[in-house]
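Taking it in order: structure first as structure tokens, then the write-up.
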Amino acid sequence: MSSVGCCSTSRRSRSGRVADESLPAELQRTEKDGLTGRASTEDVPLHSSALKNTNHRIGGSLKSKVLHRVFSEDYERVKNYIFDPRGQTIHRWNRIFLMACVISLFVDPLFLLVPSLDSNNMCMEDDFRAKVVLTTLRSVLDAFYAAQIIFRFKTAYVAPSSRVFGRGELVIDSKKIALRYLSRSFLIDLFAAIPLPQVLVWAIIPNLGGSVMVQTRNVLLFIIFIQQVPRIFLLLPLRLEIINASGALTEKAWAGAAYNLLIYMLYAHIAGVCWYLNFVQRLESCWGIICDQEEPLCRYDFFDCHHVHDPGRSSWLSSTNATTLCEPSSANTPVQWGIYNTILGSSFASCQFFSKYFFGYWWGLNNLSDIGQNLTPSTYVGELLFVNIFAAHGLLLFALLIGNMQRYLHSTTIRIDQWMIQRADTEQWMHHRHLPPKLRQSVRIYDQYKWAATRGVDEEALLSDLPMDLRREIKRHLCFDLVRRVPLFNQMDERTLDAICERLKPVLCTQNMYLVREGDLTEDMFFIIRGHLESWTTNDSRTGFFNSVRLGPGDFCGEELLTWALDPSQGVILPTSTRTVKALKEVEAFSLAANDLKFVALQFRRLHSKELRHKFRFYSHQWRTWAACFIQSEWRRHKKSKEEAKLRYNKDAAAGKSTSSRSFWDRYARELIEITRRDENNPVESASDAVNMVQKPVDLDFL
1 MSSVGCCSTS RRSRSGRVAD ESLPAELQRT EKDGLTGRAS TEDVPLHSSA
51 LKNTNHRIGG SLKSKVLHRV FSEDYERVKN YIFDPRGQTI HRWNRIFLMA
101 CVISLFVDPL FLLVPSLDSN NMCMEDDFRA KVVLTTLRSV LDAFYAAQII
151 FRFKTAYVAP SSRVFGRGEL VIDSKKIALR YLSRSFLIDL FAAIPLPQVL
201 VWAIIPNLGG SVMVQTRNVL LFIIFIQQVP RIFLLLPLRL EIINASGALT
251 EKAWAGAAYN LLIYMLYAHI AGVCWYLNFV QRLESCWGII CDQEEPLCRY
301 DFFDCHHVHD PGRSSWLSST NATTLCEPSS ANTPVQWGIY NTILGSSFAS
351 CQFFSKYFFG YWWGLNNLSD IGQNLTPSTY VGELLFVNIF AAHGLLLFAL
401 LIGNMQRYLH STTIRIDQWM IQRADTEQWM HHRHLPPKLR QSVRIYDQYK
451 WAATRGVDEE ALLSDLPMDL RREIKRHLCF DLVRRVPLFN QMDERTLDAI
501 CERLKPVLCT QNMYLVREGD LTEDMFFIIR GHLESWTTND SRTGFFNSVR
551 LGPGDFCGEE LLTWALDPSQ GVILPTSTRT VKALKEVEAF SLAANDLKFV
601 ALQFRRLHSK ELRHKFRFYS HQWRTWAACF IQSEWRRHKK SKEEAKLRYN
651 KDAAAGKSTS SRSFWDRYAR ELIEITRRDE NNPVESASDA VNMVQKPVDL
701 DFL
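Residue 1 is where the sequence shown starts when you use UniProt numbering, and the numbers rise one by one after that.
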């Protein structure tokens with residue numbers, strides 16, 4: 001097996017040189033991913049220097065760009081510290097981070113419920129248990145935002161210029177990723193991750209007293225909602241990114257409606273806690289007015305529960321009327337309670353945390369639903385602003401909720417229903433035909449991958465409805481740069497490339513899909529743009545022969561069809577494939593059908609380029625297979641000649657023939673030349689001489 005299958009290809013390349021003009025110069029410097037034999041290292045000499053200069057010979061190849069701009073499957077070199085934005089790791093992290101963002105939007109306003117009333121001592125204190133729980137929960141959520149910053153520094157991005165076809169190329173250079181992130185959304189992410197509420201409730205508010213405490217809580221309210229803005233800014237594009245990465249639209253109509261309902265409930269949640277904090281501030285304002293009237297017995301510090309054991313406070317508390325006057329139901333109250341006039345009175349502020357939250361949430365949801373029509377505000381400017389903003393947002397959110405739910409339940413449903421019907425038909429058909437589970441899963445994966453690459457749009461049908469001139473311009477925009485980077489096309493003029501672009505068709509392949517099988521008719525020629533494939537041949541199933549090679553961006557397969565198109569003596573019968581080509585990962589390529597390839601073949605003849613012939617040989621795996629076998633055959637023949645000459649010399653020495661040093665080398669060289677000439681005139685047919693098994697490819701008529 002090992003002696004016969006000398007042309008089997010390993011992943012590492014070995015190169016050799018032969019003085020044969022039928023071999024192009026590129027073949028004598030076999031590229032890194034090129035063809036080689038599976039023979040032992042002594043069979044073929046290794047020229048490591050040839051590996052370093054291979055990719056620099058061909059200017060337009062996609063392979064020269066993989067160090068900084070690669071496709072999703074090509075970043076093995078950096079996969080341990082650079083993430084693919086469309087990979088499973090980032091996809092799972094985005095889902096986790098989305099949940100953390102939603103939870104944080106509901107958690108942050110809860111800090112406004114921390115102030116609580118001690119009704120027995122008529123003072124304000126913080127709910128310590130609630131403060132500890134909220135701080136812990138908020139710190140855990142902040143850790144997710146900090147982790148998001150780290151992920152963004154380590155996540156590749158799609159080059160904007162490569163989005164014209166398929167899913168585009170990835171930029172994996174760490175410096176470029178960092179600079180792009182720093183110049184775009186780093187400051188927003190950093191501000192969203194700062195633990196501002198924790199600092200306020202633990203470090204700032206406890207150290208303040210008197211009238212300053214009221215203003216500090218206003219600052220807390222302001223800062224929390226300022227920090228909500230970047231967190232909402234992160235949430236919206238993150239949701240779209242998850243939808244795009246999953247390769248499907250919102251599969252259920254109710255999911256979009258639930259998303260809008262969640263926004264409505266979030267605003268009711270925020271309005272409820274804001275209403276509670278304003279109620280506490282109105283209560284403190286009432287206490288302050290009465291304290292001013294009872295001076296000098298009263299001080300503002302008395303309303304802080306830290307001073308509850310002050311002797312002066314005890315005497316003031318026994319004589320003050322603040323307890324009865326600062327009730328919304330009191331006729332002599334010094335303040336206007338307006339929308340804060342509740343049936344619970346001031347005792348509402350002394351309730352348990354969850355009681356305060358759910359009562360405030362009910363107030364927000366109830367008044368948001370009727371757009372604040374039942375609210376009777378006072379003449380305080382702050383309260384009037386709150387009511388006006390609340391009513392305007394209530395009207396807007398209610399209209400958006402109804403409108404978006406109708407849109408999701410009607411217009412969006414049409415497209416989703418079409419997709420669901422098609423998917424259901426496919427499932428029923430596969431069930432009716434009793435397809436095996438593995439084959440059914442392959443069909444599902446292909447449908448999902450096709451949507452991810454085309455966003456569910458039938459590009460061919462869309463272009464066919466456009467005028468010829470507009471269709472040509474769009475095809476040029478989508479294909480021109482990519483086609484120019486295909487080695488066989490990069491020397492053509494723009495008019496020829498435009499004509500080729502019109503005939504190219506995009507091809508999408510999922511993992512383990514076969515583009516062509518050995519022995520089948522070759523109907524298309526494929527030019528790889530993204531992904532990797534494995535190509536192998538058994539040379540018409542000859543015993544012991546196997547040759548394998550890996551194809552990547554810039555390579556092509558189905559070159560038998562080009563040979564057929566360039567040969568005018570060929571008939572209408574399509575050639576058979578000499579290789580089997582299988583996708584290792586998701587692959588995006590362009591294809592040319594037989595009739596379209598006839599046109600391309602005519603353009604090749606117009607070029608009159610000998611370099612084009614060499615380039616075709618260099619990228620053709622038929623020529624690589626033959627060249628590798630030819631090189632190995634010549635090398636083995638050379639080794640055999642040396643061994644025979646050395647054996648003859650040893651026999652002569654054993655027979656007692658003494659020779660001088662110089663005559664020995666003369667005789668050795670003469671015998672080596674004789675054996676070499678004899679082998680050339682009478683080639684030995686043997687199973688180990690693989691070049692006799694591999695037929696030399698037809699030389700294309702480019703001239």
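A virtual CB, placed ideally from N, CA and C, is assigned to each residue, including glycine.
Buried or exposed: which applies to Q632, given that a residue is buried once 16 or more other Cβ atoms fall within 10 Å of its Cβ? The residue given as residue 632 occupies position 632 in the sequence shown. Burial call: buried.
Requested in this report: Evaluate the contact criterion for the stretch 320-330 versus the stretch 282-289: three or more CB pairs, one atom per stretch, below 8 Å.
Outcome: Taking a contact to require three or more Cβ pairs closer than 8 Å, the stretch 320-330 and the stretch 282-289 qualify as touching.
For this session: Would you mind stating whether T578 and E518 have Cβ atoms separated by less than 9 Å?
Result: As a first step, residue 578 must be located in the sequence shown, where it is residue number 578. As a first step, residue 518 must be located in the sequence shown, where it is residue number 518. Yes, Cβ-Cβ distance for T578 and E518 is below 9 Å.
Check each candidate in I242, S355, I371, W202 and name the one with the smallest Cα separation from Y264.
To locate residue 264, count along the sequence shown from 1; it is residue 264. The shortest Cα separation from Y264 among I242, S355, I371, W202 belongs to I371.
Exercise for the section: Give the secondary structure of C123 by DSSP, where H, G and I count as helix, E and B as strand, and everything else as coil. Expected result: Taking the sequence shown and counting its residues from 1, one reaches residue 123 at position 123. DSSP places C123 within a strand segment (E or B) once states are collapsed to three.
I'd like the list of long-range same chain contacts for E427, defined as Cβ closer than 7 Å, with 5 residues on each side in sequence excluded.
Mapped onto the sequence shown, residue 427 falls at position 427. Around E427, the same chain offers no residue with a beta carbon nearer than 7 Å, after the five sequence neighbours per side are excluded.
| said: For S535 and C557, which I take to be in contact (beta-carbon distance under 8 Å), what is that distance rounded to the nearest angstrom? | reply: What you label residue 535 is simply residue 535 of the sequence shown in a count that begins at 1. What you label residue 557 is simply residue 557 of the sequence shown in a count that begins at 1. The beta-carbon separation of S535 and C557, rounded to 6 Å, stays under the 8 Å limit for a contact.
Quiz prompt | Cβ neighbours of H307 in the same chain (closer than 7 Å, five flanking residues each side left out) | solution = What you label residue 307 is simply residue 307 of the sequence shown in a count that begins at 1. Cβ within range, chain order: D301, R313.
Report task. Identify every residue that forms a DSSP beta bridge with T155. Result -> Numbered from 1 along the sequence shown, position 155 holds the residue referred to as residue 155. The partner list for T155 (beta bridge, DSSP) reads F83.
TODO: Just list the alpha helix (DSSP H) runs in the stretch 299-370, keeping only unbroken ones of 4 residues or longer that don't cross its boundaries, in chain order.
DONE: Runs of the alpha helix (DSSP H) inside the stretch 299-370: 311-319, 322-325, 353-369.
Check your understanding: Residues bridged to W536 by DSSP?
Key -> Here residue 536 is taken as the residue at index 536 of the sequence shown, counted from 1. Partner(s): S548, T580.
Using C-beta distances below 8 Å, list every residue in its chain close to T580, excluding the 5 sequence neighbours before and after it, in chain order.
The residue labelled residue 580 in the question sits at position 580 within the sequence shown. Result list for T580: Y514, V516, R517, E518, S535, W536, T537, in chain order.
| message | For P206 and L110, I'd like the C-alpha separation in whole angstroms. | response | For the purposes of this step, residue 206 is taken as residue 206 along the sequence shown, with counting starting at 1. For the purposes of this step, residue 110 is taken as residue 110 along the sequence shown, with counting starting at 1. Rounded to the nearest whole angstrom, the CA to CA distance from P206 to L110 is 18 Å.
**Asked** From which residue to which residue does the beta strand (DSSP E) around D118 run?
**Response** Residue numbering aside, residue 118 sits at position 118 when the sequence shown is read from its first letter. Segment 115-118, the beta strand (DSSP E) holding D118.
For R239, three-class secondary structure by DSSP | Looking up residue 239 in the sequence shown gives position 239. Note: R239 maps to helix in three-state DSSP.
* Could you give the residue range of the alpha helix (DSSP H) that holds I528? -> Position 528 of the sequence shown, counted from the first residue, corresponds to residue 528. Segment 524-530 is the beta strand (DSSP E) holding I528; no alpha helix (DSSP H) there.
Item to check | For A593: DSSP bridge partner residues | outcome: The sequence position of residue 593 within the sequence shown is 593, counting from 1. Bridge pairing for A593: D524 [DSSP].
**Q.** Alpha carbon of R530 to alpha carbon of K598, nearest angstrom
**A.** Along the sequence shown, read from residue 1 onward, the residue named residue 530 stands at position 530. Along the sequence shown, read from residue 1 onward, the residue named residue 598 stands at position 598. Those two C-alpha atoms are separated by around 25 Å.
### Query
In three-state terms, what does DSSP make of F556?
As a working note, residue 556 is residue 556 in the sequence shown. Note: F556 maps to strand in three-state DSSP.
Candidates L401, L435, Q448, L397: which alpha carbon is nearest M420's?
What you label residue 420 is simply residue 420 of the sequence shown in a count that begins at 1. Considering only L401, L435, Q448, L397, the residue with the shortest C-alpha distance to M420 is Q448.
#### Entry: Where M492 falls, given that 16 or more other Cβ within 10 Å makes a residue buried
Reading the sequence shown from its first residue, position 492 is the one you call residue 492. It is buried - the Cβ of M492 has at least 16 other Cβ atoms within 10 Å.
* Asked: Counting along the chain, where does the beta strand (DSSP E) carrying L508 start and finish?
  -> Residue 508 sits at position 508 when you count from the first residue of the sequence shown. If you look at L508, you'll find it in the beta strand (DSSP E) that goes 505-509.
ask   = If we count the other Cβ atoms within 10 Å of its Cβ and call it buried at 16 or more, is Q88 buried or exposed?
value = One-based indexing of the sequence shown puts residue 88 at position 88. It is exposed - the Cβ of Q88 has fewer than 16 other Cβ atoms within 10 Å.
Reference S369; option with closest CA among F527, G394, V387:
Numbered from 1 along the sequence shown, position 369 holds the residue referred to as residue 369. Comparing Cα positions, the closest option is G394.
Once DSSP output is grouped into helix, strand and coil, what is the label at A628? The residue given as residue 628 occupies position 628 in the sequence shown. Secondary structure of A628 (DSSP, three-state): helix.
Are residue 723 and H638 closer than 9 Å when you measure CB to CB?
Limits of the chain in this structure are 1 at one end and 703 at the other, which puts residue 723 out of reach.
- Rounded Cβ spacing between G364 and A271 (contact assumed at less than 8 Å): For the purposes of this step, residue 364 is taken as residue 364 along the sequence shown, with counting starting at 1. For the purposes of this step, residue 271 is taken as residue 271 along the sequence shown, with counting starting at 1. Between A271 and G364 the Cβ distance is about 4 Å, and since that is below 8 Å, they are a contact.
Exercise. V102 by DSSP, collapsed to three states: which one?
Worked result: One-based indexing of the sequence shown puts residue 102 at position 102. In this structure, DSSP gives V102 a helical state, which the three-state scheme calls helix.
If you compare alpha carbons, which of Q228, Q418, L439, S185 is closest to L196?
-> Along the sequence shown, one-based indexing puts residue 196 at 196. Among Q228, Q418, L439, S185, the Cα nearest to that of L196 belongs to Q228.
Within 10 Å of its beta-carbon, does S548 have 16 or more other beta-carbons around it, so buried, or fewer, so exposed? Taking the first residue of the sequence shown as position 1, residue 548 is located at position 548. Answer is buried; the Cβ neighbour count reaches 16.
Name, in chain order, the residues that DSSP records as bridge partners for E588. As a working note, residue 588 is residue 588 in the sequence shown. DSSP output for E588 lists L508, R530 as bridge partner(s).
* Given W287, which residues of its chain have a CB within under 8 Å of its CB, disregarding the five upstream and five downstream residues? -> Here residue 287 corresponds to residue number 287 of the sequence shown, with the count starting at 1. These residues qualify, in order along the chain: M122, F303, A322, C326.
Discussion item. Do K475 and E494 count as a contact pair if the criterion is CB distance below 9 Å?
Written reply: Mapped onto the sequence shown, residue 494 falls at position 494. Mapped onto the sequence shown, residue 475 falls at position 475. Result no, Cβ atoms of E494 and K475 do not sit closer than 9 Å.
Open item on the list: Tell me which residue opens and which closes the alpha helix (DSSP H) that Y514 is part of.
Closed with: Counting from 1 along the sequence shown, the entry for residue 514 is found at position 514. Taken as a continuous stretch (DSSP letters only), Y514 belongs to no alpha helix (DSSP H), being part of the beta strand (DSSP E) at 514-516.
Inset, instruction - Quick one: grab the DSSP three-state call for V280. - result: For this step, residue 280 is matched to residue 280 along the sequence shown. Helix at V280.
ask   = For the alpha helix (DSSP H) that contains I194, what are its first and last residues?
value = Here residue 194 is taken as the residue at index 194 of the sequence shown, counted from 1. It is not in any alpha helix (DSSP H) - I194 carries neither H nor E in the DSSP assignment.
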